[in-house]
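Engineer: Residue numbers (UniProt numbering): 1 to 166.
The following block contains the structure, expressed as C-alpha cells.
In C-alpha cells form, the structure reads like this:
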C-alpha cells in the first residue's frame, strides 16, 4: 500500500507530460511556435557563465541553489499549486526535450498544454529573458546533470527531432 501514492503521483506526472507534449505539437502545427529549434549548449562555457548568473537571479530561490527543488514538490500546496520541482537528476526536467523546456520557460505551461486556466507558480519569462538567455539558463541546468542523465536527455532530443520529421 505504501507504493500507491508514488504510483498515483507517477501516473499524474506521466499524464501531464503527455498533455504537455500534445499541446506542444498542437502549437508547432499551428505555426505559433518559432520554426527553429532551441538546442541547449551544456558544453559552451559562455552560455554556462550567463546561465549560472541568470539561474542564481531568477530560479535558485524556487528550485534551489543546486536544483534540488522544494520539499513535497509532487503534492499541491494549500494554494492549489505544485511547489517548484527539482532540476537535478531526481526531477523530471530532463524528461522533456530542449524545445519543450524552452517553451515552458518562455511561454508557460498553460500555453504549452493549451489550457489557459491552468495555474502554476512558474513565471512566464517572455519579455523578461531573451531567447539566448533562456537557452543559457537551461544549458546551465543540463550541465549540472550526471553524464548518464545527460546522455538520456540527448536521446530524448534525438527521438523528439525524429518525430518532427515524420
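Beta carbons are placed, not taken as given, at the ideal position from N, Cα and C, and that holds for glycine.
Any chance the stretch 88-96 sits against the stretch 107-114, with 3 or more Cβ pairs inside 8 angstroms?
Structural biologist: No: fewer than three Cβ pairs fall under 8 angstroms.
Engineer: Along the alpha helix (DSSP H) that carries residue 120, what are the first and last residues, could you check?
Structural biologist: Within the chain shown, the letter at position 120 stands for residue 120. Looking at the DSSP string, residue 120 is not in any alpha helix (DSSP H), and its letter there is neither H nor E.
Engineer: Mind checking which residues open and close the alpha helix (DSSP H) that includes residue 137?
Structural biologist: By one-based count along the chain shown, residue 137 stands at place 137. First-last of the alpha helix (DSSP H) with residue 137: 131-143.
Engineer: Is it buried or exposed, residue 142, if we count other Cβ atoms within 10 angstroms and call 16 or more buried?
Structural biologist: Start at 1 with the first residue of the chain shown, and residue 142 comes out as number 142. The residue is buried, with at least 16 neighbouring Cβ atoms inside 10 Å.
Engineer: Using 6 angstroms as the cut-off, classify the Cβ of residue 91 as near or not near the heavy atoms of the ligand GTP, replying yes or no.
Structural biologist: Absent from the structure shown: the ligand GTP. Ligands present: none.
Engineer: Looking at the unbroken alpha helix (DSSP H) that takes in residue 62, where does it start and where does it end?
Structural biologist: By 1-based counting over the chain shown, the position of residue 62 is 62. Per DSSP, residue 62 belongs to the alpha helix (DSSP H) from 60-63.
Engineer: Specify the secondary structure class of residue 31 as computed by DSSP and reduced to three states.
Structural biologist: Position 31 of the chain shown, counted from the first residue, corresponds to residue 31. Reliability of the predicted coordinates at residue 31 is poor, the pLDDT of 39 falling under 50, and the value obtained from them is presented with this limitation in mind. Reduced to three states, the DSSP call for residue 31 is coil.
Engineer: Going by the beta-carbon positions, is the gap between residue 83 and residue 70 smaller than 7 angstroms?
Structural biologist: Counted from its first residue, the chain shown places residue 83 at position 83. Counted from its first residue, the chain shown places residue 70 at position 70. Yes, they are a contact pair.
Engineer: Starting from residue 163, trace the alpha helix (DSSP H) both ways and give me its first and last residue.
Structural biologist: Residue 163 sits at position 163 when you count from the first residue of the chain shown. Run containing residue 163: 147-165, per the alpha helix (DSSP H) assignment.
Engineer: Rounded C-beta distance between residue 150 and residue 42? I'm assuming under 8 angstroms.
Structural biologist: The count along the chain shown starts at 1 and reaches residue 150 at position 150. The count along the chain shown starts at 1 and reaches residue 42 at position 42. Rounded, the Cβ-Cβ distance is 7 angstroms, consistent with contact.
Engineer: Using three-state DSSP, classify residue 126 as helix, strand or coil.
Structural biologist: Along the chain shown, one-based indexing puts residue 126 at 126. In the structure shown, residue 126 sits in a strand (DSSP, three-state: E or B).
Engineer: On the three-state DSSP scale, how would you describe residue 24?
Structural biologist: Taking the first residue of the chain shown as position 1, residue 24 is located at position 24. For residue 24, the predicted structure reports a pLDDT of 43, less than 50, and the residue's modelled location is therefore unreliable. A value from the coordinates is still provided. In this structure, residue 24 counts as helix in the three-state DSSP scheme.
Engineer: Taking the alpha helix (DSSP H) that residue 70 falls in, what are its first and last residues?
Structural biologist: Residue numbering aside, residue 70 sits at position 70 when the chain shown is read from its first letter. Looking at the DSSP string, residue 70 is not in any alpha helix (DSSP H), and its letter there is neither H nor E.
Engineer: Go ahead and label residue 137 buried or exposed: buried means 16 or more other beta carbons lie within 10 angstroms of its beta carbon, across all protein chains shown.
Structural biologist: On the chain shown, position 137 is the one that residue 137 refers to. By the 10 Å Cβ count, residue 137 comes out buried.
Engineer: I need the boundaries of the alpha helix (DSSP H) containing residue 82, first residue and last residue.
Structural biologist: What you label residue 82 is simply residue 82 of the chain shown in a count that begins at 1. Here residue 82 belongs to no alpha helix (DSSP H), and DSSP marks it neither H nor E.
Engineer: Return helix, strand or coil for residue 51, following the three-state DSSP convention.
Structural biologist: Here residue 51 corresponds to residue number 51 of the chain shown, with the count starting at 1. Three-state DSSP puts residue 51 in a helix.
Engineer: Could you tell me whether the Cβ atoms of residue 139 and residue 64 are closer together than 7 angstroms?
Structural biologist: As a first step, residue 139 must be located in the chain shown, where it is residue number 139. As a first step, residue 64 must be located in the chain shown, where it is residue number 64. Result no, Cβ atoms of residue 139 and residue 64 do not sit closer than 7 angstroms.
Engineer: Note the first and the last residue of the continuous alpha helix (DSSP H) segment covering residue 111.
Structural biologist: By 1-based counting over the chain shown, the position of residue 111 is 111. Here the alpha helix (DSSP H) through residue 111 covers 109-112.
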